[in-house]
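Below is one structure; the comments refer to it alone.
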Amino acid sequence: MTADLSDRVIAISGGTSGIGLAIAAAAAAAGATVALLGRDLDRGAEAAASLPGALFVPCDVARREECQAAVAAVEAAFGRLDGVVASAGFNRRKLPQDLAEEDWDAVLDANLKGTFLLCQAAFPLLSRRGGKVVTIGSMLSIFGSPVMPAYAASKGGVVQLTRSLATAWAAQGIQVNCLLPGWIDTPLTVAARREIANLEADVLARTPAGRWGRPEDLAGPALFLLSEASDFVTGTALPVDGGYSVRA
1 MTADLSDRVI AISGGTSGIG LAIAAAAAAA GATVALLGRD LDRGAEAAAS
51 LPGALFVPCD VARREECQAA VAAVEAAFGR LDGVVASAGF NRRKLPQDLA
101 EEDWDAVLDA NLKGTFLLCQ AAFPLLSRRG GKVVTIGSML SIFGSPVMPA
151 YAASKGGVVQ LTRSLATAWA AQGIQVNCLL PGWIDTPLTV AARREIANLE
201 ADVLARTPAG RWGRPEDLAG PALFLLSEAS DFVTGTALPV DGGYSVRA
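Heads up: the sequence shown is residues 1 to 248, going by full-length UniProt numbering.
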């Protein structure tokens, strides 16, 4: 069995760069029609132009009305929705005692609330014929971080949300699973490499695979979770981290 996504429509938040764009490209190569959701209009147009038949839909996932409008736009364009990848993400690196309330709110809104609102908006279409939801957690869904408390809290919440949606929506034929990326070379980690002393070397030393991850490393697991090959898989949280999380 292959990860054939022919005739499927997949909506991907955060799909204009990094992990989201890598998953979108892989899904398109597997036959899917992809809708890229994001806030940056120029980057969205460029990303959509790079993929055959792709649609860019402006969307701030932290706003319910924008999630609902984005799903409606996908339905208007393609008549259906078969899968969602909730990949939009945001971070603030500060010690807990230095983290402003607005920073906490911004991270939780983008990562946890945004995942919930997009999935909620997509449910009516997904429930028509069954579908797939892939959320994006983090290795910080597993353990904490002294300088990323809001991010760790949000990504831990994403895993519990994933499990809750999986149990709630199983009767509608919807499978909901979560990917937990490790240290991946994306725009989101560029600042971390600059700001955290010795991060590059420390990650390499702890990762059994001996390298940082690439966005494309998430594509294969995502295709599996978006395809019929995973029809009996739901509520899981799969680390994709080169073994980082299993080494103390």
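Glycine included, every Cβ here is placed at the ideal spot set by N, Cα and C.
Source: prediction; values computed, not measured.
Between Ile196, Ser245 and Asp103, which has its C-alpha nearest tyrosine 151's C-alpha? Asp103
Sequence-distant residues of the same chain with beta carbon closer than 7 Å to threonine 167, five excluded per side: Within the same chain, threonine 167 has close Cβ partners Gly235.
What are the boundary residues of the beta strand (DSSP E) that includes phenylalanine 56? 55-58
Which class does valine 134 belong to by DSSP, given the choice of helix, strand or coil? The answer is strand: DSSP assigns valine 134 an E or B state.
Which value, in whole angstroms, describes the spacing of the CA atoms of alanine 191 and valine 147? 13 Å
What does the alpha-carbon distance come out to for the pair alanine 49 and threonine 16? 11 Å
For leucine 41, count the other beta carbons within 10 Å of its own beta carbon; 16 or more makes it buried, fewer makes it exposed. Which is it? exposed
So does the stretch 124-132 actually touch the stretch 157-173, counting three or more Cβ pairs closer than 8 Å? yes
How many Å lie between leucine 37 and phenylalanine 78 at the Cα? 15 Å
Under 8 Å, with one C-beta from each stretch per pair, do the stretch 128-138 and the stretch 60-77 reach the 3-pair mark? no
If you reduce the DSSP assignment to three classes, tell me which class isoleucine 12 lands in. Looking at isoleucine 12 - three-state DSSP - the assignment turns out to be strand.
Mapping DSSP to helix, strand and coil, what is valine 147? Reduced to three states, the DSSP call for valine 147 is coil.
Can you tell me the Cα-Cα spacing of lysine 94 and serine 87, whole angstroms? Going by the C-alpha atoms only, they are around 22 Å apart.
Leaving aside the five residues before and after alanine 27 along the sequence, list all residues of the same chain whose C-beta is less than 7 Å from its C-beta, in chain order. Excluding the 5 residues flanking it on each side, alanine 27 has same chain C-beta neighbours closer than 7 Å at Leu5, Ile10, Val34, Leu223 and Leu226, in chain order.
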